[in-house]
Amino acid sequence: MGLLDISIIRMVSKLVLVLLLFHHVVIANSSYSSQKQYPSCPDEEKSALLQFKDSFTIDKSASSSTDAYPKVSSWKPAEGGNNTYCSWEGVKCDEKTGHVIGLDLGSSCLHGSINSNSSLFRLVHLQRLNLSDNNFNYSQIPTSIRNFPNLTHLDLSTSVFSGQILYLHSNSLSGVVEFQMFQNLQFLYQLQLNWNNIDFVTESRIVNSTVSQFTILGLSFCNIREFPSFLQYQKRLERLDLSRNKIRGQVPKWMWNTSIETLLLLDISSNFISDQPPLVLPWVKLLCISYKFVSGYGKQELSKILKPELRNLYNILFQSSEGMNENR
């Protein structure tokens, strides 16, 4: 064997060694990234999650979504007692503190009751909570929901809640109009309570406009009997759904000026409103209204006063509601 052949063999050997080392580094990095590192997770929060899981039964009929599945089935203590709940499905932790800051259990096939003593309310660092599309067996929405002062997102829609929500409450100590159920949720800007068997009761006499500013309010099918007066102070709403309630009579003039710079969707269909819409709502991109609501206008007249983006939509809604009216 010549010197040239020996040199080639040595070069190939070194190259193979380098490739092997590179392979091990890649595998190690991949393993590290797949197991995200969190600081020590508080035992109290792990215990609260497991107790919350055990307070429900798994029932596929509890969720209507075709994509529903029991997320909490993966919630099991790790061997050796390691706190690994931050990797559980639906659970999001703060990467610096390890506290649970997000809980997404939408469409998780949960069936059972929930009350103010639930271990859920020990997760005081929550910022996002989604319990939509489950069956909470006509439980009242617990007053302990106020224990989440950092909450920004709350979705309880289609979850079979019942009872009353005293929505606006005057605090004589601070002089600020507060929500009794959500009085400490200063950062909450999305609230969806659609399709629950609740009575959404509002304080009729509001003397202070310093209420929480929402971007999304889903209050469909909440047995609302009048336009909530706190809406006149909302300046940031983007989507407002008041459909399928029991609102009667005329629309307050202030309602047409609510969030005029931001409102994109306004749904007040399927109520008992005897008013006519204003001639122009230039800021709204999607307007849902019922047949009786627009019956004072003819199609041609409405086609002239509505902004172009709304005309086709209005035609669809008008034809649909005409059909509904004929079938009654």
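The sequence shown lines up with residues -28 to -1, 1 to 300 when you count with mature numbering (1 follows the signal peptide of the UniProt record, and there is no 0).
Heads up, the beta-carbon is just placed ideally off N, CA and C, and yes, glycines get one too.
Buried is the label assigned to Asn217, since at least 16 other Cβ atoms lie within 10 Å of its Cβ. In the DSSP assignment, Leu189 falls within the unbroken beta strand (DSSP E) covering Ile188 to Gly190. For Phe133, the beta-bridge partners assigned by DSSP are Ser111. With a cut-off of 8 angstroms on Cβ pairs, the stretch 31 to 39 is not in contact with the stretch 53 to 67, counting fewer than three such pairs.
A straight line joining the alpha-carbon of Ser116 with that of Pro224 spans about 33 angstroms. Val132 and Tyr205 have their C-alpha atoms some 30 angstroms from each other. For Asp213, the CB contacts under 8 angstroms within the same chain, skipping 5 residues up- and downstream, are Asn166, Leu189, Gly190, Leu191, Ser192, Leu237 and Asp239 in chain order. CA-CA distance, Ser90 to Phe24, rounds to 7 angstroms. In the DSSP assignment, Leu209 falls outside any beta strand (DSSP E), carrying neither H nor E. In this structure, the alpha-carbon of Ser129 lies about 20 angstroms from that of Phe199. With fewer than 16 other CB atoms across the displayed protein chains lying within 10 angstroms of its CB, Lys32 is exposed.
When the Cα atoms are used, Ile86 and Asn119 turn out to be separated by approximately 15 angstroms. Taking 8 angstroms as the cut-off, the beta carbon of Thr29 is found closer than this to the beta carbon of Gly84.
Taking all protein chains shown into account, Tyr110 has fewer than 16 neighbouring C-beta atoms within 10 Å of its C-beta and is therefore exposed.
Check the Cα spacing between Phe172 and each of Val72, Cys65 and Ile113: the tightest is with Ile113. In the structure shown, Ile117 falls within a helical segment according to DSSP collapsed to helix, strand and coil. Cβ-Cβ distances below 6 angstroms link Leu203 to Thr230 in the same chain, with the five nearest sequence neighbours on each side left out; the list follows chain order. Note on Ala20: 16 or more other CB atoms within 10 angstroms of its CB, so buried under the neighbour-count rule. Listed in chain order, the alpha helix (DSSP H) runs fully inside the stretch 7 to 71 are 15 to 26, counting runs of at least 4 residues. Straight-line measurement puts the Cα of Gly221 at about 44 angstroms from the Cα of Gly62. With a 10 Å radius around the Cβ and a threshold of 16 neighbouring Cβ atoms, Arg208 comes out exposed. Taking 8 angstroms as the cut-off, the beta carbon of Asn122 is found closer than this to the beta carbon of Leu98. Between Phe186 and Gln162, the C-beta gap is smaller than 8 angstroms, which places the two residues in contact.
Residue burial annotation: Ile245 is buried, with at least 16 other C-beta atoms found within 10 angstroms of its C-beta. Assignment of Leu92 by DSSP, reduced to helix, strand and coil, places it in the helix class. In the DSSP annotation of this structure, the continuous segment of the beta strand (DSSP E) that includes Arg100 starts and ends at Arg100 to Asn102.
The beta carbons of Val72 and Leu101 sit no closer together than 8 angstroms. Ranked by Cα distance from Glu210, the options Thr234, Ser88, Ser201 and Ile196 are led by Thr234. Membership of Leu126 in the beta strand (DSSP E) is indicated by the continuous run His125 to Asp127.
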